[in-house]
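A quick write-up on the structure given underneath.
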Amino acid sequence: MSLRRVKPVRYYWLSLSVCAFVLAMTAKETYVPLVLLLPFLPEATLKQRLTHFIPYLVLLLAYALWRSFMLESWIGGYQDQAQSLLHLQLQLPVYLSNMLFGTSTYALLAALLVLSAVLYSLWFFRHTRYLILASSVLIAGPLLPVILLLASQSPLNQRLLILPTWAVCMASALIINQLYQRYRPLKLRILLFLAVLFMSFIWVRQAMSVHTILNQQRQAFEVKGRFIAHAKANQVLVDAGDWYAHGALWLRQQSSATAPHLLFDWIEMDQAALPDNEPASEFFQYQTACACIKNITPQLEPQLQQWRSQRKSTAPLSVQLSYQGHHLQWQFGPYTTGSYQIIDPVLFGASPLPAKGQVRTRYPEPQFRFYLRYQSPEGWIRYSPLLTLDFTTTPITLDWVNESTK
C-alpha cells in the first residue's frame, strides 16, 4: 500500500495508508518508527517521497508528544541505560538470532544464510542498499531499551519480535526474488528453492517449540484463574503465580464477599502468612503434568520439609533498590548465574527478574514489602528477610546485604 501511494496523485491510497498506520500504532508501539523507512523506499523521486511522508510525520510527532505526556517518558517507559547495558546491546544480533531461529547447528546455518543474503544484497543491489541499512537501524532501535528482556531469552518475550520477524520475512522474500530474477540457470534456481525450504523448516520448528511453551503458560493462567474464581474461602492456592493471579483475585473480590487465599511461595507459609481468622483447611497446587489443580493437603508437610531442606540461610545475598520518577531500579547479587524472584503478595506475586534492571511502575501501597528469592543452578535456595522499600521517605532507596557478604 505504501509503495503504491507514492505513485502520482492517488490520495485515496495515501489516506488508506495513513489510517493503517494509525491502527498499527494503537496495536503495537514497535510499529511507530516504521514510517521513517518511507523516504528510503526505491519508489518515485525523493521529493515525492518526502511530500507524501508529511502526514506520517505529523502523526509521529503527535504520538510522541501524547506519549511523553501520559507516561512521562520518551523511550518505552525505560530510563536511558545505554552506558550500563552497552555490553548487552552489542549482543542484540545474537539474541535475535537465537529467538528467531533457535540455538541448534541447523538454526545457526539458517541465520547465516539470511545474513549472507542481506550482505549480498547490500553489495550488488544498490537501489535497496539504503533501505536495508535504514531498516536495520529503525528495527533494532526500539529493542535497545528492552535488551534485558531479550537477554533472558524467555519465550514469553517473543511478543517483542513482531517487527523483526516481519522484517526478516520481507527481506528474505525480496532478496530471493532479486536473486531469482538475476540468475537464470536452473541449478541455481533449484538451490534457491531448497534454501527457502530449509529456512522455512527451521522457522516452523522454532515457532512450534515456542508455541508449546506458551501454550503451557496459557493453560496455567486459565486453570489458576478458574480456581480463584470458584474456590472457597478456606482453600489456599500454593505457587499462585505472578501478576495475573492478583487480577483474578481482584475480580473475584468484586463479585463475592469471600475469596481464596493465595500463596506465591513457600516462604509465606513458613512465615505464617495465612490469616488467623480464616484458618485454611485445604491446600491446592497447579500440576503441569495434567494441567490441572490438585488437592495437596495430605502431601503438604512432606513438600514443606523438602523445601526447607533446600534453603541455605548462610549463602551471600544482596539487594539494592531505588525508586525515582516512577521507575523502580534494582540490582541483586552477588550471583551471575541462577535465577532471582521477587515475592510480593500485593502486586508482583512471584515474578522472575534479571540480576539488574528497572521497570516503570506506580506501586499502590505506601510501602513495598517483599522477599528476594535466589535459586542456584545446583538447586539450593536463598531468601532475604522480609524487606521494605518505603515510598514516603527521601530518597527512596533500599540497600540490604547479608552478613556473610560483608
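Numbering-wise, this note's numbering comes out as the position in the sequence shown, counting from 1, plus 75.
From the three backbone atoms N, C-alpha and C, an ideal C-beta is built for every residue, glycine too.
9 Å Cβ cutoff met for residue i and residue j
i           : j           : result
residue 345 : residue 394 : no
residue 215 : residue 183 : no
residue 408 : residue 396 : no
residue 462 : residue 415 : no
residue 357 : residue 333 : no
residue 232 : residue 243 : no
residue 319 : residue 296 : yes
residue 175 : residue 217 : no
residue 380 : residue 402 : no
residue 361 : residue 298 : yes
residue 230 : residue 169 : no
residue 107 : residue 138 : yes
residue 413 : residue 449 : yes
residue 471 : residue 445 : no
Status (buried if at least 16 other CB within 10 Å, exposed otherwise) for residue i
i           : result
residue 353 : Its pLDDT being 49, under 50, residue 353 is placed unreliably by the model, and the measurement read from it follows with that caveat. The residue in question, residue 353, is exposed, as its Cβ has fewer than 16 Cβ neighbours within 10 Å.
residue 322 : exposed
residue 127 : buried
residue 336 : buried
residue 466 : exposed
residue 212 : exposed
residue 364 : exposed
residue 237 : exposed
residue 283 : exposed
residue 421 : exposed
residue 308 : exposed
residue 133 : exposed
residue 245 : exposed
residue 341 : buried
residue 95  : exposed
residue 155 : The pLDDT assigned to residue 155 is 43, lower than 50, so where the model puts this residue is not dependable, and the model offers no usable value.
residue 480 : Interpretation of residue 480 is limited by its pLDDT of 47, a score under 50 that renders its predicted location unreliable; the figure taken from the coordinates is listed afterwards. Residue 480 is exposed by the Cβ-count criterion.
residue 195 : exposed
Sheet register partners of residue i (DSSP bridge)
i           : result
residue 427 : 416
residue 544 : The structure shown does not extend to residue 544, since the chain is modelled only from 76 to 481, so the question has no answer here.
residue 369 : 360
residue 432 : 405
residue 399 : 402
First and last residue of the uninterrupted beta strand (DSSP E) at residue i
i           : result
residue 447 : 442 to 450
residue 462 : 462 to 465
residue 383 : First-last for residue 383: 375 to 385, but that is the alpha helix (DSSP H), not the beta strand (DSSP E).
residue 458 : 456 to 458
Limits of the alpha helix (DSSP H) - the one that residue i falls within
i           : result
residue 222 : 222 to 226
residue 87  : 86 to 102
Checklist entry - Can you list the alpha helix (DSSP H) stretches of 4 or more residues lying completely in the stretch 254 to 340, in chain order? => result 261 to 305, 318 to 330
Next on the checklist: Threshold first: 4 residues or longer. Then list the alpha helix (DSSP H) segments lying entirely within the stretch 168 to 215, N to C.
Outcome noted: 180 to 199, 204 to 215
Checklist entry - What are the start and end residues of each continuous beta strand (DSSP E) run of 3 or more residues lying completely inside the stretch 111 to 137, in chain order? => result none
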